[in-house]
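In my numbering, the protein residues as written are 2 to 432. First the structure, in the form of structure tokens, and then the observations on it.
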Amino acid sequence: MFRALFACLLVLSGVVSAHAYDYPIKDPYMATIMGTPPQYEYPLGDIRPATFKDLNPLKDLGAIRGREILLKERPVPDILWYEDTLQYSVALQRRVAPLLFVIAGTGSSHQSGTCRYLQDVFYRAGFHVVCLSSPTYPNFVVSVSSTQVPGYIPHDVADLYASMDAIANEIGRDRINGFHLTGFSLGGTQSAFLAELDQREKRFGFGKVLLLNPAVNLLTSVSILDHMLADNVTDRAEAARMVAALVQELSEAYRSSDEVNFGDEFLFTLFDSRPLSEKELKILIGVAFRLSLASMVFTSDVCTGAGYIVPRGHVVTREEPLSPYLDAAVSVSFDDYVEEYLMPFLAFHDPTITRQKALAACSLEAIAPFLRTSSNVAVMTNADDPILTRDNLSFLSRTFGPRLTLYPVGGHGGNLRYRDNVAAMLDYFRK
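Encoded structure:
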């Protein structure tokens, strides 16, 4: 059955032959976690040799700089006092140049490994590059989100769009001679909606838009991620224990981070020292998703005072231990979040909305007519991406046709740094 589907996709889209594609990791779960082995990565020196600015580790002296902008004048909970401004990263050319926006994946920040890598690639290729955190990332929830209840794509995309407009104005539009857009995972999905929104609002006029490993249907993809944990444990209690155990194992590597960055050197070392079974690989992916979800849920609840995690009326202080709240948040699946938190919020503001309508609005199928006719929007993904179903792959093929590049292996973004993939990205944006 899958072979027949793959044959159809081969005819209808830009499928890369397995014989001509040498990405070394064939297991999709391992690829998702491991990323691309360094010796298979695209040599950045082939784009442009590194300069002092590229290598300078000092803040605000290197090519890539962290910046922040105040977009919302509103009270910020004391425990989140440091999140009042939107944090993003920017790499600017000295001359007028096109600007590429990069939208981070689910629960990830502008400093995630994927964002940093894409910023380095395209800055060397001559673009201004701005990386934005996911609307599901705590800093975005606190500083920008109009509702502070993330997960409903129409709202999240409107907030992203306003942020991008403000940042472009901050940089100076006279320094920019064109706008482009890319995003990974959920960021790829949101990029499609941003392109559709811009067709109506016309603040950017994106030249090229590239969706990297996008989710077709938000609920379908996050349910798959949730089930990677839930299907491999007996109950919520074991899921929470599993999260705690793996967090402990990863704690030394991620002591100063609140997100798990797949594909870095630590995970190579972890895998080399203790080979993981497929069950453990799935659990690790599920744990990473559950951790980012827990952080999002806790942040949203503190901001709205909804009483979902923190008792209603209780003010969390800086001195208060957070572990009881985080333990509670870790037990929340995305389906729980939608049913118990997001839908009541949406229904309060729009009594006519149903779960079916809300979820349909978070699927690429909602903007399929736009995507079918937009020659400047393309997709790169993998036939073995764990977050895509066969129906999802068929939708992408029918909708994008030759604008879909489908690699035979790579998992969920595991091959983003692979030499063939990077070469294809550069070629797409340079045309």
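Heads up, the beta-carbon is just placed ideally off N, CA and C, and yes, glycines get one too.
Rounded separation between residue i and residue j - CA only
{"i": "GLY106", "j": "TYR41", "result": "23 Å"}
{"i": "SER109", "j": "TYR138", "result": "6 Å"}
{"i": "PRO322", "j": "SER296", "result": "15 Å"}
{"i": "SER224", "j": "GLU320", "result": "35 Å"}
{"i": "GLY414", "j": "PRO39", "result": "15 Å"}
{"i": "VAL17", "j": "VAL423", "result": "14 Å"}
{"i": "PRO50", "j": "ALA126", "result": "11 Å"}
{"i": "PRO403", "j": "GLY314", "result": "54 Å"}
{"i": "ALA98", "j": "ALA92", "result": "11 Å"}
{"i": "GLU239", "j": "LYS283", "result": "15 Å"}
{"i": "LEU187", "j": "ASN214", "result": "8 Å"}
{"i": "TYR43", "j": "LEU285", "result": "27 Å"}
{"i": "LEU397", "j": "LEU405", "result": "7 Å"}
{"i": "ARG75", "j": "GLY308", "result": "20 Å"}
{"i": "SER293", "j": "VAL331", "result": "9 Å"}
{"i": "PRO345", "j": "TYR338", "result": "10 Å"}
{"i": "SER375", "j": "LYS280", "result": "40 Å"}
Three-state secondary structure assigned by DSSP to residue i
{"i": "GLU279", "result": "helix"}
{"i": "SER375", "result": "coil"}
{"i": "ALA384", "result": "coil"}
{"i": "CYS132", "result": "strand"}
{"i": "SER364", "result": "strand"}
{"i": "ARG75", "result": "coil"}
{"i": "ARG49", "result": "coil"}
{"i": "GLY114", "result": "helix"}
{"i": "PHE180", "result": "strand"}
{"i": "PRO99", "result": "strand"}
{"i": "ILE34", "result": "helix"}
{"i": "ILE104", "result": "strand"}
{"i": "GLU42", "result": "strand"}
{"i": "PRO22", "result": "This sequence places Tyr at residue 22; Pro is not what is there. In the structure shown, TYR22 sits in coil (DSSP, three-state: anything other than H, G, I, E or B)."}
Residue i vs residue j beta-carbon contact at 7 Å
{"i": "GLY411", "j": "ALA32", "result": "yes"}
{"i": "VAL158", "j": "PHE194", "result": "yes"}
{"i": "TYR24", "j": "TYR342", "result": "no"}
{"i": "PRO29", "j": "PRO387", "result": "yes"}
{"i": "ALA384", "j": "LEU407", "result": "yes"}
{"i": "VAL378", "j": "VAL210", "result": "yes"}
{"i": "MET35", "j": "ILE26", "result": "yes"}
{"i": "HIS111", "j": "TYR83", "result": "no"}
{"i": "PHE335", "j": "ASP227", "result": "yes"}
{"i": "GLY208", "j": "GLY189", "result": "no"}
{"i": "PRO136", "j": "ALA362", "result": "no"}
Cutoff 7 Å; reference residue i; Cβ partners in own chain excluding five residues on either side
{"i": "SER164", "result": "LEU72, LEU87, LEU133 and VAL145"}
{"i": "THR400", "result": "ALA369, LEU372 and ARG373"}
{"i": "VAL311", "result": "ASP302, VAL303, VAL317 and TYR326"}
{"i": "TYR429", "result": "LYS209, LEU211 and ALA379"}
Cutoff 6 Å; reference residue i; Cβ partners in own chain excluding five residues on either side
{"i": "LEU101", "result": "PHE123, PHE128, VAL130 and HIS181"}
{"i": "CYS116", "result": "VAL103, ALA105 and CYS132"}
{"i": "THR300", "result": "PRO139 and VAL142"}
{"i": "ILE177", "result": "LEU100"}
{"i": "GLU197", "result": "ILE368 and PHE371"}
Host beta strand (DSSP E) of residue i (start-end)
{"i": "TYR89", "result": "87 to 92"}
{"i": "THR406", "result": "405 to 408"}
{"i": "ILE80", "result": "Counting along the chain, ILE80 falls outside any beta strand (DSSP E), and DSSP gives it neither H nor E."}
{"i": "ILE70", "result": "65 to 70"}
{"i": "LEU212", "result": "210 to 213"}
Delimiting residues of the alpha helix (DSSP H) encompassing residue i
{"i": "ARG201", "result": "187 to 202"}
{"i": "ILE172", "result": "154 to 172"}
{"i": "TYR429", "result": "420 to 431"}
{"i": "LEU226", "result": "219 to 231"}
{"i": "LEU397", "result": "391 to 401"}
{"i": "VAL331", "result": "324 to 331"}
Same chain only: Cβ atoms within 8 Å of residue i, ignoring 5 sequence neighbours per side
{"i": "PRO329", "result": "Note that residue 329 corresponds to Ala in the displayed sequence, not to Pro. Cβ neighbours of ALA329 beyond the five flanking positions: ILE310."}
Cβ-heavy atom distance, residue i to the ligand GTP, below 6 Å
{"i": "ILE168", "result": "Absence of the ligand GTP is noted for the structure shown, with no ligands found whatsoever."}
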